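Notes to accompany the following structure.
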Amino acid sequence: MEYRFRGQNFGSLHYDYIVREGDTVSGTASILNSSRYGKDGRTSNCTSAESGFIKRAIAWDDGSVSHEYELTSIDSDTRFAQDGDAGSLVFNHEKEWVGMLFAVDRCTNCAFVMPVFELVRDIEEMTGWTITLA
(Lines of atoms letter the chains of each structure in order from A; the text may use other names.)
(Lines give C-alpha, C1' and ligand atoms only; values in the text may rest on other atoms or scores of the structure.)
Protein backbone atom coordinates (compact mmCIF):
# COMPACT_ATOMS: atom_id res chain seq x y z
CA MET A 362 0.00 0.00 0.00
CA GLU A 363 1.41 3.38 -0.96
CA TYR A 364 -0.10 6.85 -0.79
CA ARG A 365 1.27 9.74 -2.77
CA PHE A 366 0.90 13.46 -2.46
CA ARG A 367 2.50 14.60 -5.70
CA GLY A 368 4.25 17.92 -6.15
CA GLN A 369 1.11 19.57 -7.46
CA ASN A 370 -0.68 18.70 -4.21
CA PHE A 371 1.69 20.97 -2.36
CA GLY A 372 1.34 23.95 -4.68
CA SER A 373 4.67 25.45 -5.63
CA LEU A 374 6.63 22.87 -3.63
CA HIS A 375 8.18 20.31 -5.92
CA TYR A 376 8.02 17.52 -3.40
CA ASP A 377 7.00 13.90 -3.75
CA TYR A 378 5.40 13.03 -0.42
CA ILE A 379 5.21 9.24 -0.35
CA VAL A 380 3.88 7.23 2.57
CA ARG A 381 4.31 3.46 2.54
CA GLU A 382 2.89 0.81 4.82
CA GLY A 383 5.30 0.44 7.72
CA ASP A 384 6.52 4.06 7.56
CA THR A 385 6.55 5.89 10.85
CA VAL A 386 5.73 9.44 11.74
CA SER A 387 8.92 11.47 12.02
CA GLY A 388 7.61 13.40 15.03
CA THR A 389 5.15 16.08 15.98
CA ALA A 390 5.23 19.74 15.11
CA SER A 391 3.27 22.89 15.65
CA ILE A 392 0.74 23.58 12.95
CA LEU A 393 2.35 27.02 12.70
CA ASN A 394 5.69 25.59 11.51
CA SER A 395 4.42 24.86 8.01
CA SER A 396 1.91 26.25 5.58
CA ARG A 397 1.17 23.06 3.56
CA TYR A 398 -0.50 19.91 4.86
CA GLY A 399 -1.75 16.54 3.73
CA LYS A 400 -4.11 13.88 5.06
CA ASP A 401 -5.63 10.60 3.94
CA GLY A 402 -9.32 10.71 4.75
CA ARG A 403 -11.85 7.90 4.68
CA THR A 404 -14.07 9.79 2.22
CA SER A 405 -11.82 12.18 0.32
CA ASN A 406 -8.62 10.08 0.35
CA CYS A 407 -5.31 11.95 -0.15
CA THR A 408 -5.78 15.70 -0.25
CA SER A 409 -3.67 18.71 0.58
CA ALA A 410 -4.36 22.03 2.22
CA GLU A 411 -2.80 25.28 3.19
CA SER A 412 -3.23 27.35 6.29
CA GLY A 413 -3.76 31.04 6.54
CA PHE A 414 -2.98 30.55 10.25
CA ILE A 415 -6.54 31.53 11.06
CA LYS A 416 -7.89 30.33 14.38
CA ARG A 417 -11.64 29.94 14.58
CA ALA A 418 -13.55 29.94 17.86
CA ILE A 419 -15.70 26.80 18.13
CA ALA A 420 -18.62 26.88 20.60
CA TRP A 421 -19.35 23.40 21.99
CA ASP A 422 -22.64 22.03 23.33
CA ASP A 423 -21.32 22.07 26.92
CA GLY A 424 -20.77 25.84 26.69
CA SER A 425 -17.02 25.66 26.31
CA VAL A 426 -15.16 27.39 23.50
CA SER A 427 -11.98 26.18 21.82
CA HIS A 428 -9.78 27.77 19.19
CA GLU A 429 -8.92 25.49 16.28
CA TYR A 430 -7.04 26.03 13.03
CA GLU A 431 -8.78 26.45 9.70
CA LEU A 432 -7.32 24.78 6.60
CA THR A 433 -8.44 25.21 3.00
CA SER A 434 -7.73 23.08 -0.04
CA ILE A 435 -4.80 24.04 -2.24
CA ASP A 436 -6.68 22.75 -5.29
CA SER A 437 -9.75 24.92 -5.91
CA ASP A 438 -11.54 21.98 -7.57
CA THR A 439 -11.14 19.64 -4.59
CA ARG A 440 -12.21 19.90 -0.96
CA PHE A 441 -9.53 19.18 1.62
CA ALA A 442 -12.06 17.24 3.70
CA GLN A 443 -15.57 15.88 3.40
CA ASP A 444 -18.12 14.26 5.70
CA GLY A 445 -16.58 11.03 6.96
CA ASP A 446 -13.01 12.37 7.18
CA ALA A 447 -13.22 13.41 10.85
CA GLY A 448 -10.46 11.76 12.85
CA SER A 449 -7.95 11.89 10.00
CA LEU A 450 -4.45 12.74 11.12
CA VAL A 451 -2.98 15.80 9.43
CA PHE A 452 0.72 15.91 8.54
CA ASN A 453 3.09 18.53 7.20
CA HIS A 454 5.35 17.82 4.22
CA GLU A 455 8.10 16.62 6.56
CA LYS A 456 5.85 13.74 7.74
CA GLU A 457 5.36 15.35 11.13
CA TRP A 458 1.98 14.97 12.80
CA VAL A 459 0.47 18.41 13.33
CA GLY A 460 -3.15 17.71 14.27
CA MET A 461 -6.41 15.87 13.83
CA LEU A 462 -9.21 16.89 11.50
CA PHE A 463 -12.51 17.04 13.37
CA ALA A 464 -15.00 19.12 11.38
CA VAL A 465 -15.81 20.62 7.99
CA ASP A 466 -17.68 23.85 7.26
CA ARG A 467 -19.67 23.05 4.12
CA CYS A 468 -20.42 26.72 3.46
CA THR A 469 -16.77 27.78 3.27
CA ASN A 470 -15.16 24.40 2.43
CA CYS A 471 -12.82 24.92 5.37
CA ALA A 472 -11.67 22.05 7.54
CA PHE A 473 -10.92 22.43 11.23
CA VAL A 474 -7.87 20.86 12.80
CA MET A 475 -7.12 20.44 16.49
CA PRO A 476 -3.38 20.99 17.04
CA VAL A 477 -1.51 17.83 18.04
CA PHE A 478 -0.22 19.38 21.25
CA GLU A 479 -3.76 20.18 22.41
CA LEU A 480 -4.91 16.68 21.55
CA VAL A 481 -2.01 15.01 23.37
CA ARG A 482 -2.42 17.30 26.40
CA ASP A 483 -6.13 16.49 26.64
CA ILE A 484 -5.55 12.72 26.38
CA GLU A 485 -2.82 12.85 29.01
CA GLU A 486 -5.02 14.89 31.38
CA MET A 487 -7.97 12.53 30.93
CA THR A 488 -6.00 9.28 31.27
CA GLY A 489 -3.10 10.25 33.53
CA TRP A 490 -0.76 8.55 31.04
CA THR A 491 1.98 9.96 28.84
CA ILE A 492 1.81 9.69 25.05
CA THR A 493 4.96 9.18 23.02
CA LEU A 494 5.72 8.24 19.44
CA ALA A 495 7.72 5.03 19.66
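Numbering (this note's numbering), first residue to last: 362 to 495.
Think of the CB as a built atom: it goes at the ideal place given N, C-alpha and C, for glycine as much as any other residue.
On a predicted model such as this, the values are computed, not experimentally measured, just so you know.
Under the rule that a run must span 3 or more residues, the beta strand (DSSP E) segments found entirely inside the region 377-421 read 378-381, 397-402 and 406-420. When the five nearest sequence neighbours on each side are left out, the beta carbons in the same chain lying within less than 7 angstroms of the beta carbon of PHE414 are those of LEU393, in order along the chain. Taking the Cα positions, TYR398 is about 12 angstroms away from SER391. With respect to the C-alpha of ILE435, the residue from SER405, ASP422 and ALA410 having the closest C-alpha is ALA410.
In the structure shown, the three-state DSSP call for LEU494 is coil. Spanning the alpha carbons of ALA420 and GLU431 requires a straight line of approximately 15 angstroms.
Within a 10 Å sphere around the beta-carbon of ARG440 sit 16 or more other beta-carbons, which makes this residue buried.
Look at THR469 here: in three-state DSSP terms it is coil, with no helix or strand label. Non-local beta-carbon contacts of MET475 in its own chain, meaning distances under 7 angstroms to residues more than five positions away in sequence, involve GLU429, GLY460, MET461 and PHE463 in chain order. For PHE452, the beta-bridge partners assigned by DSSP are GLY399 and TRP458.
Annotated three-state conformation of THR488 is helix, per DSSP. Distance check between ASP466 and each of SER427, GLY489, THR433 and CYS407 places THR433 closest, using alpha-carbon atoms only. Membership of THR439 in any beta strand (DSSP E) is not indicated, and neither H nor E is assigned to it by DSSP.
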